[in-house]
Amino acid sequence: MDLSYILSRELAKKMILVHPPEPRKELLLSGIGDGLYLGKTRYTNTPVFWDFKRLINPHVAIVGITGSGKSYVTKTFLTRASLIWNSNAIIIDWVGEYDSWVKQAGGRVINLAKEKLNLLDLVGVQKTERIQQIISALDVLLNLKEHQEQRDEIEEALEEVYSKKAKPNLIDVGKILEKKGYKKAARLVKRFTSEGSDFFAGKSTLNIKSLVNSGLICLDLHELPTEEMRSLAGLTILQYIKEIMRKEGITEQKGI
C-alpha cells in the first residue's frame, strides 16, 4: 500500500479532534443593537455579527462567482444597517440591477443619464488636489501616462481654467486646449463633452453632499452611453464621497 495513502488516512482520523478553522466565538458574537447579523458559521453554527467597532479595518469586500449570492448579501447588509443604525447608503449601480429593490425598500433611484456632474467641482478640496484627482482618473480611462505631452497639456489647461473662472467645467477646458492649438488633447477631452456625451459638460444637478445623508440612494449608471463615461462617473462620485467621509469621520449614531 502506498505510504502517502496510509499517512493521509491516519491524519484524517486525527483531524476529527481538531477545531474547525473558524474565528473564536467572542470575535463573532455581538449585541443585537451593536452589530449586523450576517448568518451562522459552517461548522459550529455560531451566529456571526458584523460590528465595526471590533474591526481593525471596517471595510467590506464581497467576492463570489455569478449566482453565489453577492447581491443578496449586499441587500441584506444594507437593509439591516438601515434598521439598526438608520445608516445612509449610496449604491453606484453599473448595470441597473438594484433599481427595483431600492424602490421597494423606500429608497431613491437617480438615473445619471438624465443628470449632470461637473467634473471640476471642488467639493471642499483644494484646486491643486482636484486637478490631480482629475488627471489620475483620466490616466486610468484614457491611458494618459502613455501620452505624456497631452497629459501635461490637459493639466496646464485645468490650472488655467481654475485661475480664470470661479466655477469652470470641462467645456471650458476644451476651449482652452483648442485656443492653444493642443488638438490631440482637445480631442481626448471632447470625448466627454460632445453632444449626447455631455454628462460632465455643465453645471452639476447632483448634490453629492446632500445625497450622503439621504438614506438609501441608487445612482444608476447603466444608461450612460459608454463604458468610459460610466467609469469616469463612478470614479468621480467615489472621490467626492471619500472627501466628504474624510472630513466628517465616523458618526457613532449612524454606525458608519
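Position 166 of the sequence shown, counted from 1, bears residue number 1052 in the working numbering, the numbering being contiguous throughout.
We put the beta carbon where it would ideally sit given N, CA and C, even for glycine.
Note that this is a predicted model, so its numbers are computed, not measured.
Where does Val1047 sit, in a helix, a strand or coil, going by DSSP?
-> Val1047: helix per DSSP, three-state reduction.
CB of Ala1043 within 7 angstroms of CB of Leu1063, strictly | The beta carbons of Ala1043 and Leu1063 sit closer together than 7 angstroms.
Neighbourhood of Val995 by C-beta, 7 angstroms cutoff - its chain only, sequence neighbours within 5 removed = Asp985, Val988, Lys989, Cys1104, Asp1106
For Gly919, which of Ser968, Thr1079, Glu1129, Leu1028 has the nearest alpha-carbon?
-> Ser968
Applying the criterion that 16 or more other CB atoms from any shown protein chain within 10 Å of the CB defines a buried residue, is Thr1122 buried or exposed?
-> buried
Residues near Leu1024 by beta carbon distance below 6 angstroms, same chain, minus five either side = Leu1030
How should Gln1012 be labelled, buried or exposed, when 16 other C-beta atoms within 10 angstroms of its C-beta is the threshold for buried?
-> exposed
For Pro944, count neighbouring Cβ atoms within 10 angstroms of its own Cβ and tell me buried if that reaches 16, exposed if not.
-> Exposed, because fewer than 16 other Cβ atoms sit within 10 Å of the Cβ of Pro944.
Assign Gly921 to one of two classes, buried (16 or more other C-beta atoms within 10 Å of its C-beta) or exposed (fewer than that).
-> buried
Once you ignore the five residues that flank Phe938 on each side, which residues in its own chain have a CB closer than 6 angstroms to its CB?
-> Pro944
Please say whether Thr1079 and Gly1060 have beta carbons closer to each other than 7 angstroms?
-> A contact, by the Cβ cut-off of 7 angstroms.
Helix, strand or coil for Asp1084 per DSSP?
-> coil
Going by DSSP, name the residue or residues bridged to Lys1133.
-> Residue pairing from DSSP leaves Lys1133 without any beta-bridge partner.
Residue range of the beta strand (DSSP E) that includes Tyr923 = Counting along the chain, the beta strand (DSSP E) containing Tyr923 begins and ends at 922-926.
Return the residue from the list Ile1020, Val949, Lys1050, Tyr923 that minimises the CA-CA distance to Leu1007.
-> Note that residue 1007 is Asp in the sequence shown here, rather than Leu. Cα-wise, what sits closest to Asp1007 is Ile1020.
Around the C-beta of Arg1116, are 16 or more other C-beta atoms found within 10 angstroms, so that it is buried, or is it exposed?
-> Looking at its Cβ environment, which holds 16 or more other Cβ atoms inside 10 Å, Arg1116 is buried.
Every unbroken beta strand (DSSP E) inside the region 1069-1121 [3 residues or more] | 1102-1106
Determine the closest residue to Pro1054 out of Glu1114, Asn1099, Leu1003, Gly955, with distance taken between C-alpha atoms.
-> Leu1003
Using the Cα positions of Ile970 and Glu1039, report the straight-line distance between them to the nearest angstrom.
-> 50 angstroms
How many angstroms separate the CA atom of Arg1016 from the CA atom of Ile1094?
-> 16 angstroms
6 angstroms Cβ shell around Pro1111 - same chain, five flanking residues per side excluded = Ser1083
Would you tell me roughly how many angstroms separate the C-alpha atoms of Phe859 and Glu1001, rounded to the nearest one?
-> Outside the shown range of the chain (887 to 1142) lies residue 859, about which nothing can therefore be said.
Roughly how many whole angstroms lie between the Cα atoms of Gln1034 and Lys1089?
-> Going from the Cα of Gln1034 to the Cα of Lys1089 covers about 29 angstroms.
Within its chain, find whatever has a CB closer than 6 angstroms to the CB of Arg1037; leave out the 5 residues flanking it on each side and keep chain order.
-> Around Arg1037: Leu1030.
Of the listed residues Gly1067, Leu1056, Lys1065, Lys1066, nearest to Lys1076 (C-alpha basis) | Leu1056
Label Asn974 either buried or exposed according to how many other C-beta atoms from any shown protein chain fall within 10 Å of its C-beta, with 16 as the threshold for buried.
-> buried
Spatial distance of Glu1081 from Arg940 (CA atoms) = 50 angstroms
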